[in-house]
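This report refers to the structure that appears directly beneath it.
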Amino acid sequence: MAKVEDQARFKRVFRYYRYIEADAFAQYLHEMSLKGWHLKEWKLWLEFEKGESRDIEYAVEVFLKGSEMDVKPGADVEEYAEYCRAAGWEFVDSRRRFCIFRKIAEDAIPIVTEEERFKNIRKAEWKRCLMSVLTGVFILGMSAVQLSGVDAVLILFSNMLLLPGLTLAVLFACEILQCIVLAVRCIKAGKKVRAGERPSYGKSWEKYVWYAMAAILLIELTVVWGKAGGGGSAVTLWILLGITATVLLGIEFYRPARRENWALQLAAGVGIGVIWVIGMGIIFIQGISQETGLVKVEADGEIILPDEEKLPLVLTDYTQTEEAVTLAHYSELSSVFGTMMSGAVEYGEPSSEEDSGDGTDADQGWQRLAYTVYRTDIPWILDLVWEEELESGDPEGYGWITEADADSGYDRWQAEKVMRRDWEENTVYVRYEDAVLTLYATEPPGGEQIDIVREKLGL
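Position 56, counted from 1, in the sequence shown is what this note's numbering calls 60; the numbers after and before it change by one each time, with no gaps.
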């Protein structure tokens, strides 16, 4: 019963205000006092105590000697509070660089002049903005370093790899937008101060753009990673978010002193960083294992795959072989830009030179077919894929890859361009309006066989 009465007596409200919203913050506290709810403490939340309805004027000021790491009043704030009390303002609580006061004297004088208030708010906001931008640059830089070893084409065709980078980029763009809007608001407020007017530091709409984008992108990550990782990736993501939120909110609720808070934040940052590195590794492994699958092969050479992962093309679709399947591989990636499908199948076992004596007939019975099909409606991505494939086929730039001769039957590909290696005709590169095909075969298709390959691959 006492617990119920206690809950009715106190109200906890989660609110976040930027420094440039100081007036909106004070107005909110004033409106709550008119409803009989008076601010008692500022923990993780704003805690109000039920009382008589009173018309209390609040002042929310920015104290530059404070720190973004402050979660409770320090010695400097307490000294500042004594000064303000002498001016007719009672100190209530503080967090970050915010200090909250309530008016206790009818003849109370303003805590600071309008010019000082403007300078304090502007300086605090730009410090916060600079720190946010630098943090964003650091995170984007670390992400770029982590992805530097990954093929750009692979990133473009995998939502698992592409979406996190796009998410960080969009959120960083929203942060830049907030800085631009801040600059505009500071210019307008500065003009009013110089004209002897009082600027209003009301609610800012741009932070809600960041909130909305963060929520949308988080939902997208959950859906995409959940689909790619069979649900496990999405669960892992939310576990990571839960651990991070629990640690950071726990520190906020505990309200340690500044020095202690720095140590806790540092330890938490290192610990959370390690957890995220491990967690992201698990997420990508789960996603890749779902997107890429090895084909199971029975002793009689029958390819066994779930219906949705069957190889669209095998060697026996256009030619014959007496060898059994010894290895088969299939993978498919998809993103907002297009799809990338790869398949490979081998027949027989390649022999070593030692087994064959002189090595001339070492791999006579072994055959292999491998292909990759990229599909996209975006021209520049198709150009990138085409250039990357040709470069990988001739990494030293010796000019081994040339345009195929139409008289040799390559015109049956009905493509915009067909290239092949001069020294190895087993590999062919085919460019269509919306697709690129790279195909290697120990027995390359020719004539009507090319028609079969095109039909099987949907080209």
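We put the CB at the ideal spot given by N, CA and C, even for glycine.
Please read all numbers here as calculations on a predicted model, not as lab measurements.
Three-state secondary structure (DSSP) of residue i
i: Gln453; result: helix
i: Lys460; result: helix
i: Thr250; result: helix
i: Glu336; result: strand
i: Glu65; result: strand
i: Lys314; result: coil
i: Thr446; result: coil
i: Arg435; result: strand
i: Met135; result: helix
i: Val116; result: coil
i: Ile104; result: strand
i: Thr330; result: strand
i: Arg13; result: helix
i: Asp97; result: strand
i: Gly92; result: coil
i: Gly275; result: helix
i: Glu420; result: coil
i: Val466; result: Because the chain in this structure spans residues 5 to 463, residue 466 falls outside the shown range and cannot be described.
i: Ala109; result: coil
i: Thr325; result: coil
i: Glu350; result: strand
i: Gly70; result: coil
Close Cβ partners of residue i (< 7 Å) along its chain, the five nearest in sequence each way excluded
i: Glu393; result: Tyr433, Val440, Thr442
i: Lys314; result: none
i: Glu45; result: Glu51, Asp97
Residue i classed as buried or exposed, judged by whether at least 16 other C-beta atoms fall within 10 angstroms
i: Arg126; result: buried
i: Thr380; result: buried
i: Tyr20; result: exposed
i: Gly342; result: buried
i: Pro203; result: buried
i: Thr364; result: Confidence at Thr364 is low in this model, with a pLDDT of 41, below 50, so its placement is unreliable and the value that follows should be read with caution. Exposed.
i: Met146; result: exposed
i: Pro383; result: exposed
i: Gly347; result: buried
i: Tyr375; result: buried
i: Arg2; result: This structure cannot speak to residue 2, because the chain is shown only from 5 to 463.
Span separating the alpha-carbon of residue i from that of residue j
i: Tyr62; j: Phe95; result: 10 Å
i: Glu452; j: Thr446; result: 17 Å
i: Glu312; j: Tyr334; result: Unreliable positioning characterises Glu312 in this predicted model, as indicated by a pLDDT of 38, which lies under 50. A coordinate reading is not provided.
i: Cys133; j: Gly206; result: 18 Å
i: Ser71; j: Ala12; result: 34 Å
i: Arg198; j: Leu166; result: 48 Å
i: Leu174; j: Ile255; result: In the sequence under discussion, the amino acid at residue 174 is Val, which differs from the Leu named in the question. Roughly 28 Å between the two C-alpha positions.
i: Glu201; j: Glu25; result: 18 Å
i: Leu222; j: Met73; result: 26 Å
i: Leu158; j: Thr226; result: 21 Å
i: Arg121; j: Lys195; result: 14 Å
i: Lys460; j: Asn163; result: 26 Å
i: Thr171; j: Phe142; result: 15 Å
i: Val329; j: Gly369; result: 12 Å
i: Arg465; j: Gly352; result: A question about residue 465 goes unanswered here, because the residues of the chain that appear run from 5 up to 463.
i: Ala28; j: Pro168; result: 34 Å
i: Cys183; j: Asn124; result: 17 Å
i: Leu252; j: Tyr215; result: 18 Å
i: Ile180; j: Val137; result: 7 Å
i: Tyr444; j: Ser396; result: 13 Å
i: Lys192; j: Phe102; result: 22 Å
i: Leu43; j: Arg89; result: 17 Å
i: Ile104; j: Gln31; result: 12 Å
i: Trp417; j: Ile454; result: 7 Å
Residues near residue i by beta carbon distance below 6 Å, same chain, minus five either side
i: Met344; result: Phe161, Leu337, Tyr378
i: Leu331; result: Glu350
i: Arg16; result: Trp49, Glu51
i: Val318; result: Val349
i: Glu327; result: Tyr351, Gly352, Gly369
i: Ile60; result: Ser37, Arg106
i: Ala4; result: The chain is shown from 5 up to 463; residue 4 falls before or after that span and cannot be answered.
Neighbourhood of residue i by C-beta distance below 8 Å, restricted to the same chain and skipping five residues each side
i: Ala112; result: Ala91, Gly92, Trp93
i: Gly361; result: Any reading at Gly361 needs caution, since the residue's pLDDT is 39, under 50, leaving its predicted position unreliable; the model's value is listed next. Excluding residues within five positions, none has a Cβ falling inside 8 Å.
Closer than 8 Å: residue i CB and nearest the ligand PLP heavy atom
i: Glu350; result: No copy of the ligand PLP occurs in the structure displayed, which carries no ligand at all.
Can you check the region 364-398 for any alpha helix (DSSP H) of at least 4 residues that lies completely inside it and give the ranges in chain order? 383-397
In chain order, which beta strand (DSSP E) runs of at least 3 residues are fully inside the region 16-58? 41-46, 50-54
Alpha helix (DSSP H) runs wholly inside the region 143-222, at least 4 long, in chain order: 156-160, 163-198
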